[in-house]
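Peer 1: Quick one: the structure is below, questions incoming.
Number of protein chains: 2
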Amino acid sequence: MNRFEVVAAMLPSADVCAQAARATEEHFAPSNIAVCKYWGKRDAELNLPINPSLSVSLDHLGTRTRVEPIDGPVDDIWLNGLQMRPDTMFAQRLSRYIDLYRQGHPQAFRVETRNNIPTAAGLASSASGFAALTLALNDALQLELEAAALSMLARLGSGSACRSIYSGFVEWHMGHREDGADSHAHPIEAQWPGLAIGLIKVDEGVKSVDSRSGMARTVESCHLYQSWPLQANTDLVKLHQAIDAQDFKLLGSTAEQNALSMHATMIASWPPLVYWQPDSLAAMQKIWALRQQGLELYFTMDAGPNLKLLFLEQDREAVLSHFPDLEIVLPFGS
Amino acid sequence: MNRFEVVAAMLPSADVCAQAARATEEHFAPSNIAVCKYWGKRDAELNLPINPSLSVSLDHLGTRTRVEPIDGPVDDIWLNGLQMRPDTMFAQRLSRYIDLYRQGHPQAFRVETRNNIPTAAGLASSASGFAALTLALNDALQLELEAAALSMLARLGSGSACRSIYSGFVEWHMGHREDGADSHAHPIEAQWPGLAIGLIKVDEGVKSVDSRSGMARTVESCHLYQSWPLQANTDLVKLHQAIDAQDFKLLGSTAEQNALSMHATMIASWPPLVYWQPDSLAAMQKIWALRQQGLELYFTMDAGPNLKLLFLEQDREAVLSHFPDLEIVLPFGS
Numbered sequence: 004m005n006r007f008e009v010v011a012a013m014l015p016s017a018d019v020c021a022q023a024a025r026a027t028e029e030h031f032a033p034s035n036i037a038v039c040k041y042w043g044k045r046d047a048e049l050n051l052p053i054n055p056s057l058s059v060s061l062d063h064l065g066t067r068t069r070v071e072p073i074d075g076p077v078d079d080i081w082l083n084g085l086q087m088r089p090d091t092m093f094a095q096r097l098s099r100y101i102d103l104y105r106q107g108h109p110q111a112f113r114v115e116t117r118n119n120i121p122t123a124a125g126l127a128s129s130a131s132g133f134a135a136l137t138l139a140l141n142d143a144l145q146l147e148l149e150a151a152a153l154s155m156l157a158r159l160g161s162g163s164a165c166r167s168i169y170s171g172f173v174e175w176h177m178g179h180r181e182d183g184a185d186s187h188a189h190p191i192e193a194q195w196p197g198l199a200i201g202l203i204k205v206d207e208g209v210k211s212v213d214s215r216s217g218m219a220r221t222v223e224s225c226h227l228y229q230s231w232p233l234q235a236n237t238d239l240v241k242l243h244q245a246i247d248a249q250d251f252k253l254l255g256s257t258a259e260q261n262a263l264s265m266h267a268t269m270i271a272s273w274p275p276l277v278y279w280q281p282d283s284l285a286a287m288q289k290i291w292a293l294r295q296q297g298l299e300l301y302f303t304m305d306a307g308p309n310l311k312l313l314f315l316e317q318d319r320e321a322v323l324s325h326f327p328d329l330e331i332v333l334p335f336g337s
Numbered sequence: 004m005n006r007f008e009v010v011a012a013m014l015p016s017a018d019v020c021a022q023a024a025r026a027t028e029e030h031f032a033p034s035n036i037a038v039c040k041y042w043g044k045r046d047a048e049l050n051l052p053i054n055p056s057l058s059v060s061l062d063h064l065g066t067r068t069r070v071e072p073i074d075g076p077v078d079d080i081w082l083n084g085l086q087m088r089p090d091t092m093f094a095q096r097l098s099r100y101i102d103l104y105r106q107g108h109p110q111a112f113r114v115e116t117r118n119n120i121p122t123a124a125g126l127a128s129s130a131s132g133f134a135a136l137t138l139a140l141n142d143a144l145q146l147e148l149e150a151a152a153l154s155m156l157a158r159l160g161s162g163s164a165c166r167s168i169y170s171g172f173v174e175w176h177m178g179h180r181e182d183g184a185d186s187h188a189h190p191i192e193a194q195w196p197g198l199a200i201g202l203i204k205v206d207e208g209v210k211s212v213d214s215r216s217g218m219a220r221t222v223e224s225c226h227l228y229q230s231w232p233l234q235a236n237t238d239l240v241k242l243h244q245a246i247d248a249q250d251f252k253l254l255g256s257t258a259e260q261n262a263l264s265m266h267a268t269m270i271a272s273w274p275p276l277v278y279w280q281p282d283s284l285a286a287m288q289k290i291w292a293l294r295q296q297g298l299e300l301y302f303t304m305d306a307g308p309n310l311k312l313l314f315l316e317q318d319r320e321a322v323l324s325h326f327p328d329l330e331i332v333l334p335f336g337s
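In structure tokens, the structure reads:
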């Protein structure tokens, strides 16, 4: 089944763009930080994953997007106040996603999207971006879809976008169906006031190998990847235990080992896929040294050089004294 | 079966130390660089590996050792001209190994051992050290054992020492017997004149976690390790092809992916086992950039921060221009 057929089955009619398109207000979707990572697709067309994953949404950090039907042959796409040429990768990726809703009808849209996180630096702006665009299109086309359906649609734009439909802890059930109808995220009914995430910016540049290509390379060339689903499934059980018991040590250690294991599958790929910079490694060594001294500080990392620290708000001053430039988010408040 | 029983079966008599001990000349064993790594034991008492491995011996770099029976209650152990106190880890490890030959008889030895490689910095001085000591004890006790038996005995001192009994390319067959009688190295009948190994010294300090503990941690805590034997066995086939065809690209790429996969299993262990320093990563990035520019340059790494470069002698000047401090070894000459 291809993407167009999957989306067609979710729309009220094939010509919804002709019948219902209207301008929208801004819709917000948060960025999310996975504590059990998504790495590897079993279906690249539908973004169906090889393993389940679990994330925390980043409260106010994410993407705001509004859409508006326009006359003309091509979409008019704006990112952070700058008009993007239609031949940029960014504009093409958004237009191809909107094509799923157009189903062949020649309706163009103006898309205005704003991130308050660095684009493409491993801070998952594509996740919040496609989630916010999905929410805006749901409004623009008056689809009135439920969250699970929106999560499925967002997944077609970028896998981890399915988790950015929700706030708080979110689990992406990998599903088993070929059409992906059972592969979408669910919110986890748990709060964790005082849980803190700190963003270290090692490098804000665009990464050399995008996640899509990186995953494909890992699945094709890395022997160790065969054991990655075992790691992810084991970690998922531990993370649920940690969240239920508010056991921060279990949460942090599981998230860190999960991230390092994902990077291990990249490192063991060919050609080697090493997103770490020397400064990333120096930051890790600093964290391990601080932990040895008793500070409950862990990290996670996505497909990029940046670290995301995990700690409790009670240790905020201690953490800031060692990482003064840290941007801190409390996903559940104080 | 324990180590004492295994060795007893290989000695002409239990009191060989009483009957035949004599002073020896120096015996040399080379260090070896594995292109398919040994990582993980199925039997920690007998140093029986979970996977086969393949190495190149480093010609003139290694260990020279002589032994001499002495009167007195304890061994008198000298390393690089310095007398080692009997309570040092180094002296204790050697004495415990000699105990296997003493079989309870109270004969002490003077051991004089000299390395021309940095000790315990990932340049496998324990491999050449136990191999040289095994050769010296074979002479001192007039055992007249064959190479395969010496390889097996050296393995009891340090796993990879079984490969340092030979020069050139060496394969360690993991074996399947419980007593380890089929787990020893064999020389590969192949020469490769012009094959060059370059040693980069990132850090000559003693490493924070020794290989024995590191392996145990990986086997116990790393899920990805379950796929490591698959990696090693696949690489072994490729390495034999590369050696047979003198296909340097295949040799280099296989060795590099194998080393990175071994480090990946360490990185995915808990607590994380990261032997890399920021300078190690910077050296890797430099190598990948040079390879992109067309230089056939690969690396391997053991359980430490140092890189070992693999290249052909024809590229010596090009490699030296980027790594001026390189120590170059030609295991098979020009």
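If you read the sequences in order, they're chains Z and S. Each position in the first sequence, counted from 1, maps to that position plus 3 in the numbering used here. Each position in the second sequence, counted from 1, maps to that position plus 3 in the numbering used here. In this text, a Cβ means the ideal position worked out from N, Cα and C, and glycines have one as well. As the structure is a prediction and not an experimental result, all values here were calculated from the model.
#1: Would S/Val10 pass as a contact of S/Leu227 if the rule is Cβ separation under 9 Å?
#2: Closest by CA to S/Asn236, which one among S/Ala164, S/Ala135, S/Ser264 and S/Arg25?
#3: Would you kindly check if the distance between the Cβ of Z/Asp46 and the Cβ of Z/Gly183 is under 9 Å?
#4: Since S/His266 meets chain Z, which of its residues come closer than 9 Å, beta carbon to beta carbon?
#5: Could you tell me which of Z/Gly197, Z/Asn54 and Z/Leu49 sits nearest to Z/Ala37, measuring between CA atoms?
#6: Would you kindly work out how many angstroms separate the C-alpha atoms of S/Ser186 and S/Leu49, rounded to a whole number?
#7: With the cut-off set at 9 Å, would you say S/Gly201 and S/Leu313 are in Cβ contact?
#8: Leaving aside the five residues before and after Z/Gly178 along the sequence, list all residues of the same chain whose C-beta is less than 8 Å from its C-beta, in chain order.
#9: Using 9 Å as the threshold, is the C-beta distance between Z/Gln194 and Z/Gly171 below it?
#10: Return the chain-ordered list of same chain residues with a C-beta closer than 6 Å to the C-beta of S/Ser129, the five sequence neighbours on each side being excluded.
#11: Who are the near neighbours of Z/Glu259 in its chain, counting only those whose CB is closer than 8 Å to its CB and skipping five residues on each side?
#12: Look at the Cβ atom of S/Leu233, then the Cβ atom of S/Ala245, and state whether they are nearer than 9 Å.
#13: Identify the residues that DSSP records as bridge partners of S/Ser56: which are they?
#14: Find the residues of chain Z that neighbour S/Ser256, judging by a C-beta separation of less than 8 Å, and give them in chain order.
#15: Find out if the Cβ-Cβ distance for the pair S/Arg166, S/Glu115 is shorter than 9 Å.
#16: Would you kindly work out how many angstroms separate the C-alpha atoms of Z/Pro327 and Z/Leu61, rounded to a whole number?
#17: I'd like to confirm the pairing. Which residues does DSSP put opposite Z/Leu85 in its beta bridges?
#18: Residues of chain Z with CB closer than 9 Å to the CB of S/Val277, please, in chain order.
#19: Between S/Ala26 and S/Pro72, how many whole angstroms is the CB-CB distance? I'm expecting something under 8 Å.
#20: Does S/Glu259 get closer than 9 Å to chain Z when you measure Cβ to Cβ?
#21: For Z/Trp231, return the contacting residues in chain S, with the cut-off set at a CB-CB distance below 9 Å.
#22: Mind checking who Z/Lys44 pairs with in its DSSP beta bridge?
#23: For the segment 162-228 of chain Z, list the alpha helix (DSSP H) runs that are entirely contained and at least 4 residues long, ordered along the chain.
#24: Do you know how far the Cα of Z/Ser163 is from the Cα of S/Val173?
#25: Counting only Cβ pairs nearer than 8 Å, list the residues of chain S close to Z/Thr237.
#26: Going by DSSP, what residues sit across from S/Ala37 in a beta bridge?
Peer 2: Based on what the coordinates show:
#1: Position 7 of the second sequence, counted from the first residue, corresponds to residue 10 of chain S. Position 224 of the second sequence, counted from the first residue, corresponds to residue 227 of chain S. No, Cβ-Cβ distance for S/Val10 and S/Leu227 is not below 9 Å.
#2: Counting from one through the second sequence, the residue named residue 236 of chain S turns up at place 233. Out of S/Ala164, S/Ala135, S/Ser264 and S/Arg25, S/Ser264 has the C-alpha closest to the C-alpha of S/Asn236.
#3: On the first sequence, position 180 is the one that residue 183 of chain Z refers to. On the first sequence, position 43 is the one that residue 46 of chain Z refers to. Going by C-beta atoms, Z/Gly183 is nearer than 9 Å to Z/Asp46.
#4: Within the second sequence, residue 266 of chain S is the residue found at index 263, counting from 1. In chain order: Ala267, Ile270 and Ala271.
#5: Residue mapping note: residue 37 of chain Z aligns to position 34 of the first sequence, counting from 1. Closest in C-alpha terms to Z/Ala37, from the list Z/Gly197, Z/Asn54 and Z/Leu49, comes Z/Asn54.
#6: Looking up residue 186 of chain S in the second sequence gives position 183. Looking up residue 49 of chain S in the second sequence gives position 46. So the two alpha carbons sit approximately 10 Å from each other.
#7: As a first step, residue 201 of chain S is located in the second sequence; it is residue number 198 there, counting from the start. As a first step, residue 313 of chain S is located in the second sequence; it is residue number 310 there, counting from the start. In terms of Cβ geometry, S/Gly201 and S/Leu313 form a close pair [threshold 9 Å].
#8: Position 175 of the first sequence holds residue 178 of chain Z. If the five residues before and after Z/Gly178 are omitted, its C-beta is found closer than 8 Å to the C-beta atoms of Leu51, Ala184, Asp185, Ser186 and His187, all from its own chain and listed in chain order.
#9: In the first sequence, residue 194 of chain Z corresponds to position 191, counting from 1. In the first sequence, residue 171 of chain Z corresponds to position 168, counting from 1. Result yes, Cβ atoms of Z/Gln194 and Z/Gly171 sit closer than 9 Å.
#10: Against the second sequence, residue 129 of chain S aligns to sequence position 126. If we look at S/Ser129 and ignore the five residues flanking it on each side, its Cβ neighbours are Ser161.
#11: Against the first sequence, residue 259 of chain Z aligns to sequence position 256. For Z/Glu259, where only same-chain residues beyond five positions count, the Cβ hits under 8 Å are Tyr301, Phe302, Thr303 and Leu313.
#12: Translated into the one-based positions of the second sequence, residue 233 of chain S becomes position 230. Translated into the one-based positions of the second sequence, residue 245 of chain S becomes position 242. No, Cβ-Cβ distance for S/Leu233 and S/Ala245 is not below 9 Å.
#13: Translated into the one-based positions of the second sequence, residue 56 of chain S becomes position 53. For S/Ser56, which the question treats as bridged, DSSP gives the partners S/Trp175.
#14: Counting from one through the second sequence, the residue named residue 256 of chain S turns up at place 253. Contact note: S/Ser256 reaches chain Z through Trp273, using a C-beta cutoff of 8 Å and chain order.
#15: Residue 166 of chain S sits at position 163 when you count from the first residue of the second sequence. Residue 115 of chain S sits at position 112 when you count from the first residue of the second sequence. It is not a contact, given that the beta carbons lie outside the stated cut-off.
#16: On the first sequence, residue 327 of chain Z is found 324 positions in, with the first residue counted as 1. On the first sequence, residue 61 of chain Z is found 58 positions in, with the first residue counted as 1. Here the alpha carbons of Z/Leu61 and Z/Pro327 stand approximately 20 Å from one another.
#17: In the first sequence, residue 85 of chain Z corresponds to position 82, counting from 1. According to DSSP, Z/Leu85 bridges with Z/Leu82.
#18: Along the second sequence, read from residue 1 onward, the residue named residue 277 of chain S stands at position 274. Within chain Z, Leu263, Leu284, Met287, Gln288 and Trp291 have C-beta atoms less than 9 Å from the C-beta of S/Val277, given in sequence order.
#19: By one-based count along the second sequence, residue 26 of chain S stands at place 23. By one-based count along the second sequence, residue 72 of chain S stands at place 69. So it is a contact: roughly 7 Å between Cβ atoms.
#20: For this step, residue 259 of chain S is matched to residue 256 along the second sequence. So, interface residue.
#21: Here the question's residue 231 of chain Z lines up with position 228 in the first sequence. What Z/Trp231 touches in chain S: His226, Leu227 and Ser230.
#22: Residue 44 of chain Z sits at position 41 when you count from the first residue of the first sequence. Residue pairing from DSSP places Z/Lys44 in a beta bridge opposite Z/Pro52.
#23: The DSSP assignment places complete alpha helix (DSSP H) segments of no fewer than 4 residues inside the segment 162-228 of chain Z at 214-224, in order along the chain.
#24: For the purposes of this step, residue 173 of chain S is taken as residue 170 along the second sequence, with counting starting at 1. For the purposes of this step, residue 163 of chain Z is taken as residue 160 along the first sequence, with counting starting at 1. Looking at the two C-alpha atoms, the distance is approximately 47 Å.
#25: Here residue 237 of chain Z corresponds to residue number 234 of the first sequence, with the count starting at 1. Under the 8 Å cutoff, chain S gives His226.
#26: The sequence position of residue 37 of chain S within the second sequence is 34, counting from 1. Residue pairing by DSSP places S/Ala37 opposite S/Ser58 in a beta bridge.
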